[in-house]
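Structure, as structure tokens:
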Amino acid sequence: MVGSSEASASWATLRATRSNPPAAAAEDRARRATYVSALEQAEQLFKAASVVGPATAPVLLYYGLSQAGRAVIAAASSVRDDWRLTGHGIKLGNLTSSLPSIPVYADGARGSFFRLSEVLESPTWGKSHAIGLSQLWDALPEAAEWPIQDDTDRRPAHRLEYHRYEQQHPLLSMAVCNLPPRLTQSAFPGVDLRTYLSSYPTLGAYEYVKASSNPDSPPDFLLYQNGHAELNVNVVVDGGGQTTEARRRALFQQIGSRHGTAYEDFYLVPAIGNNNRPMHPLMTWWAVLYTLSMLARYQPAEWSEYVDVDRSSFAVSIEQILSAALVVVPELIAVTIGDVREQAPTS
1 MVGSSEASAS WATLRATRSN PPAAAAEDRA RRATYVSALE QAEQLFKAAS
51 VVGPATAPVL LYYGLSQAGR AVIAAASSVR DDWRLTGHGI KLGNLTSSLP
101 SIPVYADGAR GSFFRLSEVL ESPTWGKSHA IGLSQLWDAL PEAAEWPIQD
151 DTDRRPAHRL EYHRYEQQHP LLSMAVCNLP PRLTQSAFPG VDLRTYLSSY
201 PTLGAYEYVK ASSNPDSPPD FLLYQNGHAE LNVNVVVDGG GQTTEARRRA
251 LFQQIGSRHG TAYEDFYLVP AIGNNNRPMH PLMTWWAVLY TLSMLARYQP
301 AEWSEYVDVD RSSFAVSIEQ ILSAALVVVP ELIAVTIGDV REQAPTS
């Protein structure tokens, strides 16, 4: 596996914070030591993952992210004394289940996954509501073209394109990109679109642009060559008054989940399982990498089959998601640290 200049830039950004950590980490000697040491370990583990193959990369990537999680919580201004992470806080069901169906759930109220999810306001779920790996996988934008279970019930992350208007206007307008062909080919596209988008609760109340002024007109899909499509939708801002560009942008950022530092890197992300809101992107990566790492460690023979491109339909998708992790996760770590350093104290 190979790293990239984007990953190097993200690690450089993180390294630059270590001589002058976020205030929450800087004010306590032990907390500062954890922040800088955890980031160093995370970087080394990710760099080690970049030079090995998929047989062992998940283990290095997961533990790199786990160490980065310690830096995130050390940097969080909302966390006062309870900033040390212990235990995984996440478990799997039957590891011999088919890869897409492996059950994933939070374990305990103090483990790393649970505690960091709490700080990031990301939902968790117990064993009775365990979620199959494929649902977590699909919530990663990088998995859109590389599913591990390509069925009609997929709910992937969709990139959002913001439409900018400098003048005051009551509507936030944006495009939902890469909608599946089954919607454009449906005999009842409007009904099926509503059903489909109900899995994306942050969108809230919306109206889609129709193909004509007829009230019964179907959605005005813009078709791609690959059969997918995008659709413009409008959301009323501030009750419909004349609203500024800044207010529309703020609502857009509430609807979309940030997977990067640029505005175009906002995604409409599904709520998974019984959750009523999407997971924080860092925690989705956490759950996916944890699952892959556990398979690599405790089911090495089965994992070797999964990553064998000559025998496994999962192999290339796994390769692609692991390669994406090398680039995307460091950027998410940097973005998340920037977010949590500004949180209001709660604990």
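Sequential numbering of the sequence shown, starting at 1, is according to our numbering. Ideal Cβ placement from N, Cα and C applies to all residues, glycine included. Treat the numbers as computed from the prediction; the structure is a model and nothing was measured.
As the crow flies, the alpha-carbon of Met-174 is around 31 Å from that of Ser-4.
Ala-334 and Thr-13 do touch by the CB rule: their CB atoms are close to 5 Å apart, below 8 Å. The three-state reading of DSSP puts Arg-249 in helix, counting H, G and I together. The three-state secondary structure of Gly-132, taken from DSSP, is strand.
For Pro-330, same chain residues with a beta-carbon under 6 Å away, outside a window of 5 residues either side, are Ala-7, Ser-10, Trp-11 in chain order.
For the set Ala-106, Ser-112, Leu-116, the Cα lying nearest the Cα of Thr-124 is the one of Ala-106.
According to the DSSP assignment, Tyr-105 belongs to the beta strand (DSSP E) that extends over 103-106. Distance from the Cα of Leu-120 is smallest, within the candidate group Ser-78, His-169, Gln-299, for Ser-78.
Judged by beta-carbon spacing, Phe-114 lies beyond the 8 Å limit of Trp-286, meaning their Cβ atoms are not closer than that value. DSSP places Arg-115 inside the alpha helix (DSSP H), whose first and last residues are 112-119. Annotation for Asp-265: His-259 place their beta carbon closer than 6 Å to its own, counting only its chain and skipping 5 residues before and after. The beta carbon of Asp-81 lies closer than 7 Å to none in the same chain, with the five residues before and after it left out. Annotated three-state conformation of Tyr-196 is helix, per DSSP. Straight-line measurement puts the Cα of Leu-160 at about 20 Å from the Cα of Thr-243.
In terms of Cβ geometry, Pro-100 and Gln-149 form a close pair [threshold 8 Å].
Apart from the 5 residues on each side of it in sequence, Val-176 sits with its Cβ closer than 7 Å to the Cβ of His-158, Leu-160, Glu-230, Leu-231, Val-233, Leu-268 in its chain, given in chain order. The criterion of a C-beta distance shorter than 8 Å is not satisfied by Ile-272 and Trp-146. In this model, Gly-111 and Ser-66 are separated by some 11 Å (Cα to Cα). Here Gln-225 is exposed. Its C-beta has fewer than 16 other C-beta atoms within 10 Å.
Residues of the same chain with a CB within less than 8 Å of the CB of Met-294, apart from the 5 flanking positions on each side, are Leu-92, Leu-95 in chain order. Contact check between the region 209-220 and the region 180-193: three or more CB pairs, one atom from each, fall below 8 Å, which counts as touching. Annotation for Pro-201: Ala-271, Asn-276, Arg-277, Pro-278 place their beta carbon closer than 8 Å to its own, counting only its chain and skipping 5 residues before and after. Apart from sequence neighbours up to five positions away, the residues of its chain that approach Tyr-63 with a beta-carbon distance below 7 Å are Leu-45, ordered along the chain. In the displayed model, Ala-76 falls within coil according to three-state DSSP, outside both helix and strand.
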